[in-house]
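Using the working numbering, you'd call the opening residue of the sequence shown number 680 and step up by one each time. Written out below as structure tokens is the structure these notes cover.
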Amino acid sequence: MDSMVIKGLDPDTNYQFAVRAVNLHGPSPRSRPSDTVRTPGTEEAGSGRYGPHYVTDMGISDDDDGFEDDLDLDISFEEVKPLPATQGGKKKLVVEKKMTSLPNPKAVPRLIPPTSASLPTPEVAPQPTPEEQKGKNGMATMPRLFDASCDETLCSADSFCVNDYTWGGSRCHCNLGKGGDSCSEDVAIQYPQFFGHSYITFEPLKNSYQAFQITLEFRAEAEDGLLLYCGESEHGRGDFMSLAIVRRSLQFRFNCGTGVAILVSEARIKLGAWHTVTLYRDGLNGLLQLNNGTPVSGQSQGQYSKITFRTPLYVGGAPSAYWLVRATGTNRGFQGCVQSLEVNGKRIDMRPWPLGKALSGADVGECSSGICDEASCVNGGTCTAVKADSYICLCPLGFKGRHCEDAFTLSIPQFRESLRSFAATPWPLEPRHYLSFMELEITFRPDSGDGVLLYSYDTDSKDFLSLNMAGGHVEFRFDCGSGTGVLRSEEPLTLGHWHELRVSRTAKNGILQVDKQKVVEGMAEGGFTQIKCNTDIFIGGVPNYDDVKKNSGVLKPFTGSIQKIVLNDRTIHVKHDFTSGVNVDNAAHPCLGAPCTHGGSCRPRKEGYECDCPLGFEGLHCQKECGNYCLNSKYKESSERPRRPGLLPGPGQAAARSWAQRRASTCSRGAWGWAAWEHSRGPSLCTPARPRSPLPTPTKLLLKLLGPGLSQPVSGLHMQSRCVTVTS
680 MDSMVIKGLD PDTNYQFAVR AVNLHGPSPR SRPSDTVRTP GTEEAGSGRY GPHYVTDMGI
740 SDDDDGFEDD LDLDISFEEV KPLPATQGGK KKLVVEKKMT SLPNPKAVPR LIPPTSASLP
800 TPEVAPQPTP EEQKGKNGMA TMPRLFDASC DETLCSADSF CVNDYTWGGS RCHCNLGKGG
860 DSCSEDVAIQ YPQFFGHSYI TFEPLKNSYQ AFQITLEFRA EAEDGLLLYC GESEHGRGDF
920 MSLAIVRRSL QFRFNCGTGV AILVSEARIK LGAWHTVTLY RDGLNGLLQL NNGTPVSGQS
980 QGQYSKITFR TPLYVGGAPS AYWLVRATGT NRGFQGCVQS LEVNGKRIDM RPWPLGKALS
1040 GADVGECSSG ICDEASCVNG GTCTAVKADS YICLCPLGFK GRHCEDAFTL SIPQFRESLR
1100 SFAATPWPLE PRHYLSFMEL EITFRPDSGD GVLLYSYDTD SKDFLSLNMA GGHVEFRFDC
1160 GSGTGVLRSE EPLTLGHWHE LRVSRTAKNG ILQVDKQKVV EGMAEGGFTQ IKCNTDIFIG
1220 GVPNYDDVKK NSGVLKPFTG SIQKIVLNDR TIHVKHDFTS GVNVDNAAHP CLGAPCTHGG
1280 SCRPRKEGYE CDCPLGFEGL HCQKECGNYC LNSKYKESSE RPRRPGLLPG PGQAAARSWA
1340 QRRASTCSRG AWGWAAWEHS RGPSLCTPAR PRSPLPTPTK LLLKLLGPGL SQPVSGLHMQ
1400 SRCVTVTS
């Protein structure tokens, strides 16, 4: 405040002025007396009229934003103290002025036009003392108060100074991600905790001038506090939207420029409990819903229907919260935790940039801090927070339970997003074997429409390949280093049912087929044709979603079961090939009951199974002894109808022929073949071989005896590729 007019002073008198701020809790320390100021004499003052007389219209004009020029401060004199007389003039007086931060009651009707509902007037909530502001561990969280302003206050590294207009003086606040008395401690923020003087900033609301929808999940520890603010001005002038807790009721306010709408929740929040609030605005109309209660609707005044957002989106408070009392209804910052924030249908990652979307902040803690201090994860399990007030144990393969206390044998893996499941297996062969060709067959049952099925990438380049559930469809994404190819199934999958997925990649060409759906073909961008992956193959999820490639589509864990994975004609065995993973359980399946007797092995076939009987036994469950006349018979028990043997079991003969034609067509062009550049002996020419008849049982046995590489029986008609290496 650069100047003010003070009435009632004696003419031709020297004055000194001291100023202090006063709120509901009392006055701040008095400032130093100002320099001597002499009032004019009667001859100099004239008639006391300084220019033409103006009459102020108390109505709101188009250019009036409803705020006083003196920032809503009432000025009053507390006392006038005489000072010792001096020679050559009249006595000096020290005039001590008191500045109260209470809003002028006469100005309130100008700010809020009358509505059909009874609108509460803004209230300056009591500020807690530093002793009242305690963190989880009993440590004071209110920053130290300095008597001087920020112009004279020096803050330590990783902190910044903010003037405290409530208590007077200034405070040093820790930057986002820092904490402790000297702001030297790192704070990993995922579920932010606010202390009444904290806040986080995000980008201004985008594409929201006409309409927006915001959903916030929070737990409050105080009856008043600012949850959200974004507007045209940092001080609440002009357009804005805000969400605040006022006496345990939620108030959603917005101003399109011609009047404020105030929507107040019918129910009050319960301190210490989690609540979900949804805000919706379209033009002049707004809606507020607390939990699953009845929505409260309202309308702003005037004809303007759009809001200009220029300030950041503030969560948990604002640096200018002291000046926002007239606009938002409170001058207090939020005290409590925020678990999730969603803007226009997109969940906002509240971690600091670049991991998350938070741009800056002050004195923000982590609500889940200490949640794992008393957790007792056993058998190599590790604790991690999954919510602001709950945790899970990340159990290694072969263990499950709340604290990984139960051991089991993994047979048919079941993945759950809520448990952050994933498994990992190395590539069966060296990376050079998969540079130009890769073929995958997966039998799986999704229980959710989104999640990663399989992912691998190269840490030194842009190369990756991924299989994801995305909106109920299957997506095959791959990047050879010069652009991403995306293949998407034409139809969504039925959740809770088994499906067969086949994908292949030759150079930068891809093919995808699900069940009997139409085969989808696509091509990656750019000129590169090889993919090198130097990481493991991650199945059902990944260890760290911050490390995934930008265009991979890997966003969340898979929820469902995976029964079979075949990579380039090599089966990935769950028991032997999975080398690591967390929270992978067994899916419900008949094979878990060990239906095959006499040492027979159970092979799952979607909902059913078949028993591989040892030598000398036969029958549905290997229950019959057959002596020397039987060698190795297979019997199948399944609810499925028997299928004719063909090229690709499952999707049907028409779809199988379609797949085979594309595979053979690619091979005929010289591009199909996963040994194309193997051993650098020149290019390979792959030609389709003739169909072969099923091998007799003795031949199968002979192949098994010869070695694991020749032990795969061939049943039905099977199309293979014969690679002929051309040497110069």
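A virtual CB, placed ideally from N, CA and C, is assigned to each residue, including glycine.
Check your understanding: Would Ala-952 pass as a contact of Cys-1016 if the rule is Cβ separation under 7 Å?
Key -> Translated into positions along the sequence shown, residue 952 becomes position 273. Translated into positions along the sequence shown, residue 1016 becomes position 337. 7 Å or more divides the Cβ of Ala-952 from the Cβ of Cys-1016.
Practice item. Could you name the residues of the same chain whose beta carbon sits closer than 7 Å to that of Pro-1026, not counting the 5 residues immediately before and after it, in chain order? Key: As a working mapping, residue 1026 is identified with position 347 in the sequence shown. It should be noted that the sequence gives Arg, not Pro, for residue 1026. Here Arg-1026 has Ser-1019 as same chain residues with Cβ atoms under 7 Å from its own Cβ, once five neighbours each way along the sequence are excluded.
Practice item. State the Cα-Cα distance for the pair Arg-1320 and Asp-1256, rounded to the nearest angstrom. Key: Position 641 of the sequence shown holds residue 1320. Position 577 of the sequence shown holds residue 1256. In this prediction, Arg-1320 scores a pLDDT of 38, lower than 50, which makes its location untrustworthy; the coordinate-derived value is nonetheless stated afterwards. Rounded to whole angstroms, the separation of the alpha carbons of Asp-1256 and Arg-1320 is 31 Å.
Practice item. Could you give the DSSP three-state label for Thr-692: helix, strand or coil? Key: Your numbering for residue 692 matches position 13 in the sequence shown. Of the three classes helix, strand and coil, the one that applies to Thr-692 here is coil, per DSSP.
Exercise for review: Please decide whether Lys-1228 counts as near chain D, where near means a Cβ-Cβ distance under 7 Å.
Suggested key: Of the chains in the structure shown, none is chain D; there is only one protein chain.
Practice item. Any chance you could list the alpha helix (DSSP H) runs of at least 4 consecutive residues sitting entirely within the stretch 1090-1143, in chain order? Key: Whole alpha helix (DSSP H) segments, 4+ residues: zero.
Exercise for review: Please determine if the stretch 1050-1065 and the stretch 902-909 are in contact, where contact requires at least 3 C-beta pairs separated by less than 8 Å.
Suggested key: The stretch 1050-1065 is not in contact with the stretch 902-909.
Review point. Which whole-angstrom value is the C-beta distance of Ser-921 and Arg-932, which I expect to be below 8 Å?
Key: Against the sequence shown, residue 921 aligns to sequence position 242. Against the sequence shown, residue 932 aligns to sequence position 253. About 5 Å separates the two Cβ atoms, so the contact holds.
**Study point:** Per-residue DSSP class, three states only, for Cys-840
**Key:** Within the sequence shown, residue 840 is the residue found at index 161, counting from 1. It is a strand residue.
Point to revise | C-alpha distance - Thr-894 paired with Pro-1033, whole-angstrom precision | key: Mapped onto the sequence shown, residue 894 falls at position 215. Mapped onto the sequence shown, residue 1033 falls at position 354. The straight-line gap from Cα to Cα measures roughly 23 Å.
Check your understanding: Excluding five sequence neighbours on each side, which residues of the same chain lie with their C-beta closer than 6 Å to the C-beta of Ala-804?
Key -> As a working mapping, residue 804 is identified with position 125 in the sequence shown. Note that Ala-804 has pLDDT 40, beneath the 50 cutoff, so the model's placement of it is unreliable and the number below is only indicative. Excluding residues within five positions, the ones whose Cβ falls inside 6 Å are Asp-903, Thr-1009 and Arg-1011.
**Study point:** Coil, strand or helix - Pro-1043 by DSSP
**Key:** For the purposes of this step, residue 1043 is taken as residue 364 along the sequence shown, with counting starting at 1. Before going on, a small fix: residue 1043 reads as Val here, not Pro. Reduced to three states, the DSSP call for Val-1043 is coil.
Exercise for review: Let me know the alpha helix (DSSP H) ranges lying completely inside the stretch 989-1067, each 4 residues or longer, listed in chain order.
Suggested key: DSSP runs (the alpha helix (DSSP H)) wholly in the stretch 989-1067: 1004-1007.
Practice item. Determine the extent of the alpha helix (DSSP H) in which Asp-1256 is found, giving its start and end residues. Key: As a working note, residue 1256 is residue 577 in the sequence shown. Where Asp-1256 is concerned, the enclosing alpha helix (DSSP H) stretches over 1253-1256.
**Study point:** CA nearest to the CA of Pro-1283, picked from Gly-1219, Tyr-959, Lys-1141 and Pro-1269
**Key:** Position 604 of the sequence shown, counted from the first residue, corresponds to residue 1283. The shortest C-alpha separation from Pro-1283 is found at Pro-1269.
Practice item. Check Cys-853 in the structure and name its three-state DSSP category. Key: If you number the sequence shown from 1, residue 853 lands on position 174. In this structure, DSSP gives Cys-853 an extended state, which the three-state scheme calls strand.
Exercise for review: Inspect the CB distances between the stretch 841-858 and the stretch 866-885 and report whether three or more fall short of 8 Å.
Suggested key: Three or more pairs of CB atoms, one per stretch, sit closer than 8 Å, so the stretch 841-858 contacts the stretch 866-885.
Practice item. Closer than 6 Å by C-beta to Phe-825: which residues in its own chain qualify, once you throw out the five before and the five after it? Chain order, please. Key: Locating residue 825 in the sequence shown gives position 146, where the first residue counts as 1. Same-chain partners within the cutoff: Thr-832, Gly-848 and Ser-849.
**Study point:** According to DSSP, residues forming a beta bridge with Trp-953
**Key:** Numbered from its first residue, the sequence shown carries residue 953 at position 274. Looking at the DSSP assignment, Trp-953 forms a beta bridge with Arg-898.
Exercise for review: Please name the residue or residues paired with Gly-1150 in a DSSP beta bridge.
Suggested key: Locating residue 1150 in the sequence shown gives position 471, where the first residue counts as 1. Note: Gly-1150 sits in no beta bridge, so no partner.
Exercise for review: Please find out if some non-hydrogen atom of the ligand ATP comes closer than 6 Å to the beta-carbon of Cys-840.
Suggested key: As far as ligands go, the structure on display features none, and thus does not contain the ligand ATP.
Check your understanding: If you drop the 5 nearest sequence neighbours on each side, which residues of the same chain put their C-beta closer than 6 Å to that of Cys-851?
Key -> Here residue 851 refers to the residue found at position 172 when the sequence shown is read from its first residue. Closer than 6 Å at Cβ, skipping near neighbours: Pro-822, Cys-834, Ser-838 and Cys-840.
**Study point:** Start and end residues, beta strand (DSSP E) containing Arg-711
**Key:** Along the sequence shown, read from residue 1 onward, the residue named residue 711 stands at position 32. Element bounds for Arg-711: n/a, residue is neither H nor E.
Point to revise | Ala-1273 to Gly-1260 span [Cα, whole Å] | key: One-based indexing of the sequence shown puts residue 1273 at position 594. One-based indexing of the sequence shown puts residue 1260 at position 581. Straight-line spacing of the CA atoms in Ala-1273 and Gly-1260 works out to 24 Å.
Exercise for review: Could you have a look at Gly-848 and say whether DSSP puts it in helix, strand or coil?
Suggested key: By 1-based counting over the sequence shown, the position of residue 848 is 169. DSSP places Gly-848 in coil when its eight states are reduced to three.
Review point. With DSSP run on the structure shown, which of helix, strand or coil describes Cys-1270?
Key: Reading the sequence shown from its first residue, position 591 is the one you call residue 1270. The answer is helix: DSSP assigns Cys-1270 an H, G or I state.
Review point. For the beta strand (DSSP E) that contains Phe-933, what are its first and last residues?
Key: Position 254 of the sequence shown holds residue 933. Per DSSP, Phe-933 belongs to the beta strand (DSSP E) from 928-934.
Check your understanding: What is the DSSP secondary structure of Lys-1303, counted as helix, strand or coil?
Key -> Within the sequence shown, the letter at position 624 stands for residue 1303. It is a strand residue.
Check your understanding: Would the beta-carbon of Ser-984 fall within 7 Å of that of Gly-965?
Key -> For the purposes of this step, residue 984 is taken as residue 305 along the sequence shown, with counting starting at 1. For the purposes of this step, residue 965 is taken as residue 286 along the sequence shown, with counting starting at 1. Their beta carbons are not under 7 Å apart, which means Ser-984 does not touch Gly-965 by this criterion.
Exercise for review: Figure out for me which residue from Gln-889, Thr-990 and Ile-1190 has the closest Cα to the Cα of Ser-1168.
Suggested key: On the sequence shown, residue 1168 is found 489 positions in, with the first residue counted as 1. Of the listed residues, the one whose Cα sits closest to Ser-1168 is Ile-1190.
Exercise for review: Work out the CA separation of Asp-1215 and Glu-802 for me, nearest whole Å.
Suggested key: Position 123 of the sequence shown, counted from the first residue, corresponds to residue 802. Position 536 of the sequence shown, counted from the first residue, corresponds to residue 1215. Residue placement at Glu-802 cannot be trusted, given a pLDDT of 40 that sits under 50; the coordinates are not used to answer.
**Study point:** Inter-residue Cα distance where the pair is Glu-1179 and Thr-957
**Key:** The count along the sequence shown starts at 1 and reaches residue 1179 at position 500. The count along the sequence shown starts at 1 and reaches residue 957 at position 278. Between the alpha carbons of Glu-1179 and Thr-957 lies a distance of about 40 Å.
Exercise for review: Could you tell me the distance, in whole angstroms, from the CA atom of Ser-979 to the CA atom of Thr-987?
Suggested key: Stepping through the sequence shown from its first residue, residue 979 is reached at position 300. Stepping through the sequence shown from its first residue, residue 987 is reached at position 308. Straight-line spacing of the CA atoms in Ser-979 and Thr-987 works out to 15 Å.
Exercise for review: Just the C-alpha distance for Gly-745 and Arg-1005, rounded to the nearest angstrom, thanks.
Suggested key: In the sequence shown, the residue the question calls residue 745 occupies position 66. In the sequence shown, the residue the question calls residue 1005 occupies position 326. Only weak support exists for where Gly-745 lies, its pLDDT of 37 falling under 50; the coordinates are left without a value.
Review point. Among the residues of its own chain, which have a CB less than 6 Å from the CB of Ser-1298, if the five just before and after it don't count?
Key: Reading the sequence shown from its first residue, position 619 is the one you call residue 1298. What sits at residue 1298 in the sequence shown is Gly, not Ser. Counting only Cβ-Cβ distances below 6 Å, and skipping sequence neighbours, we find nothing.
Review point. Under 7 Å between the Cβ atoms of Gly-1162 and Gly-1220?
Key: One-based indexing of the sequence shown puts residue 1162 at position 483. One-based indexing of the sequence shown puts residue 1220 at position 541. At a Cβ-Cβ threshold of 7 Å, Gly-1162 and Gly-1220 do not count as neighbours.
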